[in-house]
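Read the structure below first, then the notes.
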Amino acid sequence: MSFLLLTTTTPTHAFTIDKDVCSNTRVFSHSFCSTFLSSNPVVIKSLLHSLAHSTIHFAFSNATKTGQQIIKWQKQTNNTQLKNAYSICSEPYNKAIAALKEAKEQVRFGNYNVSLAAVEAATHFDECEEGFEDILDPSPLASTTHDLGTISSIILAVSEILAKS
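Here it is as structure tokens:
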């Protein structure tokens, strides 16, 4: 498994993506974290601040697009159970998007303490995911939502590293 050594503006503090970031993500998502971070060249070549910006922007953009898709999927299905699950999922998704928007604004102004926003987003993505536990959903919502929750935990790990530096 490859890893990347990045340094912040403090020359005494170095971290590895694999050890310090991916090992602090949710249970069973270490490989996703490593794959996600190593497959995005912008993230790989970035310093911590850029990593925070890039990851938050990615999560916000994808969550926003998925939130819009939820509305379309709800209108397209004839399955009342699935229609209800999409409806219930919309509220936590909107809250997750709002939390990511707040994180985006904070880092835009140089405040990288976005731990609370990352936890909120992950929690709301989990709420949406739970609504589909007993329902067969043909859309990519479950995997996308799971990935966005995991990306939120990456944001949390990066934020915690920045708080220590």
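Here the sequence shown is numbered in my numbering, starting from 14 and rising by one per residue.
Beta carbons are placed, not taken as given, at the ideal position from N, Cα and C, and that holds for glycine.
- In this structure, K78 sits away from Q87, with a CB-CB distance that is not shorter than 9 Å.
- In the same chain as N37, and ignoring 5 residues on each side of it, the C-beta atoms closer than 8 Å to its own belong to S166, L169, A170, E173, in chain order.
- Under the 8 Å Cβ criterion, the segment 149-161 does not count as touching the segment 121-130, having fewer than three qualifying pairs.
- The count of Cβ pairs closer than 8 Å, one atom from the segment 144-156 and one from the segment 99-119, reaches three, so the stretches are in contact.
- Excluding its 5 nearest sequence neighbours in each direction, G144 has C-beta neighbours in its own chain below 7 Å: A98, I101, C102, listed in chain order.
- The DSSP-derived three-state label of T38 is coil.
- Nearest neighbour of H137 by Cα position, chosen from V120, T93, L113, turns out to be L113.
- Between the alpha carbons of K117 and T90 lies a gap of roughly 33 Å.
- DSSP, read as helix, strand or coil, puts T90 in coil.
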